[in-house]
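In our numbering, the protein residues as written are 318 to 576. Below is one structure, written out as structure tokens; comments come after it.
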């Protein structure tokens, strides 16, 4: 069985974070493991508290995983402070981690900031260069590139700016665009578009976590990057079309719709 590690925050309501990641990995029939960076008190209506696990404890969790069940892929989500980012980067390099997917989680679906402003530079300089695939949505890409993205031409320019110091691929998710829902995959100047179907479903809690975990699961199974993303998009479209409706706010997906 292939193994995948998620390094992310916990969502007690089960729709995002490590809970969404582990459900997604189960749906892909890979063995999921988790390193918790923070506890959050949240539900479909918002985030009401964050408790950091601390960099040292994050490092200990990573030691336990890598020394015993080495992951075939790693997905990284919520990393909220400089010390934790530095610790994760150090451990990934120490153990020679492979198939690293980074979802630069900065703001929750409900609009709550999940990363301190001073951690942004550390993320860009220390962690993103280790990623094989980076998966920002439009608002996250805007923070990384420093300008507004409203068109597909803006997406290409943003990918060029973000990717200039990176070795991995960048997937800018176009769900926030008004005209299309197309996603852009950029790697070393090469461009591939995924023409997306916009699903009429207001319940999108945890979609970014879910997509990045699906990509990591496919990479662990041996699929190339381009195909991993295509299959991950098919999976998340199915989860959205399932129409699960839980909670008073933006509800979660049915991660196991296909089981």
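Glycine included, C-beta positions come from ideal geometry on N, C-alpha and C.
*State buried or exposed for residue 515, treating a residue as buried only when at least 16 other CB atoms are found within 10 Å of its CB.*
Residue burial annotation: residue 515 is exposed, with fewer than 16 other C-beta atoms found within 10 angstroms of its C-beta.
_Extent of the continuous alpha helix (DSSP H) run through residue 342_ = Here the alpha helix (DSSP H) through residue 342 covers 334-344.
*With DSSP collapsed to three states, give me the class of residue 551.*
Note: residue 551 maps to helix in three-state DSSP.
_I'd like to know if the region 519-526 and the region 557-571 are in contact, where contact means that at least 3 CB-CB pairs between them fall below 8 angstroms._
Contact between the region 519-526 and the region 557-571 is established, with three or more Cβ pairs separated by less than 8 angstroms.
*Please name the residue in 507, 450, 348, 436 whose C-alpha comes closest to that of residue 400.*
The shortest C-alpha separation from residue 400 is found at 436.
*asked:* Only counting the same chain, and skipping five residues up and downstream in sequence, which positions put a Cβ closer than 7 angstroms to that of residue 342?
replied: The residues are 321, 349, 530, 534.
_Contact the region 352-366 vs the region 549-568: 3+ CB pairs below 8 angstroms_ = Touching, yes.
*If you run the structure through DSSP and keep just helix, strand and coil, what is residue 420?*
When DSSP states are grouped into helix, strand and coil, residue 420 belongs to the coil group.
*When DSSP labels each residue in this structure, what does residue 564 get in the three-state scheme?*
In the three-state DSSP reduction, residue 564 falls in the coil class, being neither helix nor strand.
*If we ignore side chains and look at the alpha-carbon of each, how far apart do residue 517 and residue 331 end up?*
If you draw a straight line from the Cα of residue 517 to the Cα of residue 331, it comes to about 22 angstroms.
*asked:* Could you compute how far the alpha carbon of residue 545 sits from the alpha carbon of residue 552?
replied: Between residue 545 and residue 552, the alpha-carbon positions lie close to 11 angstroms from each other.
*Buried/exposed call for residue 464, threshold 16 Cβ in 10 Å*: The Cβ neighbour count for residue 464, taken over all protein chains shown within 10 Å, is under 16; the residue is labelled exposed.
*Segments of 4+ residues assigned as alpha helix (DSSP H) that fall wholly inside the region 347-394*: Fully enclosed alpha helix (DSSP H) runs of 4 or longer: 372-385.
*According to the Cβ coordinates, are residue 404 and residue 376 closer than 7 angstroms?*
Residue 376 is positioned such that its CB atom lies closer than 7 angstroms to that of residue 404.
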